[in-house]
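Taking my numbering, the leading residue of the sequence shown gets -13, the next gets one more, and so forth.
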Amino acid sequence: MTNYNLYILDSCKSTQEEVKYFLSSQGQEKFVAFLASEQTQGKGSYSREWVSEKGGLYLSFNYPFFKNLIPSSIIFSLIAIKSLKDYLLQQKIVLDNIGLIYPNDMVLKFNKDYYKVGGVLVETYKNFYIVGIGINVNNSVLNYKFEHRAISLKEYFLLYENISKEFDVVEIGKKILHNVASFKYDQEELFKELEKFDFSSEIQNVEVLLFWDGEKKDKFDKIKIDYLNNKIVLYKGRMRKELKFEKIFRIMY
Ligand code: BTN
């Protein structure tokens, strides 16, 4: 795939909408990306707001549809995680405790807890996925009361690694775009990556909102994501339950 035309904005409502607007007004043959310093109406998954203060990374781009067994949100999370690791390595920093939790959380694991450091939102528009990546980089999120624990890279390195540093959001964004543009779907390779980066099966006490028969909510001890068969296996005591991906509305931990 050719490289992206990247537009860098000071502020916008949502980079997702910028990409859609561009595609509707400038033709659809293009690969375009928007990176904003802040968003006034950042969108998270499940119609939630994505708090988007200055210092964070807010990036959206279009990507043509492709046949994929592994959910696209997971694929783009993997690319974002690897890009972030690459960028940090260039800064001579090794980040080994980053991974993902199905379906769209990028997390840092430490002290046996998981802290959300970013998220991926995949929407569709015309012939494209519109992929939005939000990463807490230099902004502060530790004191926010989110449903999940959250942390930014800067907060993590300061508090837990004793490194005081600001990171280059534009460089991280460019790395992600470069890796997205050169991405080729290779299932075997992706499964190998998932073995390294998927933390979903380690978490315990998960609350799952299910989709069928109206909305049901239940708590499980453990989940396992079976990417090969598109299903989630839930465990509660000696009970075991299997669900297809599309039946799951939301997973909280
Ligand atoms: C999630 O809820 O975990 C997904 C968050 C996705 C946020 C990103 S920030 C860039 C893009 N623009 C938006 O309005 N949302 C996505």
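Don't be surprised by glycine CBs; every beta carbon is placed ideally from N, CA and C.
Between the region 182 to 194 and the region 28 to 39 there are fewer than three C-beta pairs closer than 8 Å, too few to call the two in contact.
Here DSSP, grouped into helix, strand and coil, assigns V93 to strand. In the structure shown, T1 falls within a helical segment according to DSSP collapsed to helix, strand and coil.
If you draw a straight line from the Cα of I87 to the Cα of P50, it is about 24 Å long. K182 has its alpha-carbon roughly 36 Å from the corresponding atom of F8.
Around the C-beta of V80, fewer than 16 other C-beta atoms lie within 10 Å, and the residue is accordingly described as exposed. For S150, no beta strand (DSSP E) encloses it, and the DSSP letter there is neither H nor E. Collapsing the DSSP output to three states places L195 in a strand.
Assignment of beta-bridge partners to A136 by DSSP yields K102. Ligand 1 never approaches Q12 closely enough for any of its heavy atoms to be under 6 Å from the residue's Cβ.
Counting only residues of its own chain and dropping the five nearest sequence neighbours on each side, S63 has a CB closer than 7 Å to the CB of L86, N90, M92 and V106. Residue environment analysis places L55 among the exposed positions, since fewer than 16 neighbouring C-beta atoms fall within 10 angstroms of its C-beta.
E141 carries a helical assignment under DSSP once its states are collapsed to helix, strand and coil.
In the three-state reduction of the DSSP assignment, E109 falls in the strand class. In this structure, S168 has its CB at a distance of at least 6 Å from all heavy atoms of ligand 1. A direct Cα-Cα distance of roughly 25 Å separates N83 from Y171.
Using a cutoff of 6 Å, the CB of L107 counts as near ligand 1, since one of the ligand's heavy atoms is closer than that.
By the C-beta criterion, the region 92 to 102 is judged to be in contact with the region 123 to 137, since at least 3 inter-stretch pairs fall below 8 Å. If you ignore the 5 residues before and after Y111, its C-beta comes within less than 7 Å of the C-beta of K6 and L9, all in its own chain and listed in chain order. With fewer than 16 neighbouring CB atoms inside 10 Å of its own CB, I(-6) falls in the exposed class.
Comparing alpha-carbon positions, the option among G30, K140 and L180 lying closest to S46 turns out to be G30. Collapsing the DSSP output to three states places I162 in a helix.
A Cβ-Cβ distance of about 7 Å is found for the pair I121 and G42, placing them in contact under the 8 Å criterion.
Excluding its 5 nearest sequence neighbours in each direction, L94 has C-beta neighbours in its own chain below 7 Å: N83, I84, Y101, V103, I137 and Y142, listed in chain order. Within 6 Å of the C-beta of K160 there is not a single heavy atom belonging to ligand 1.
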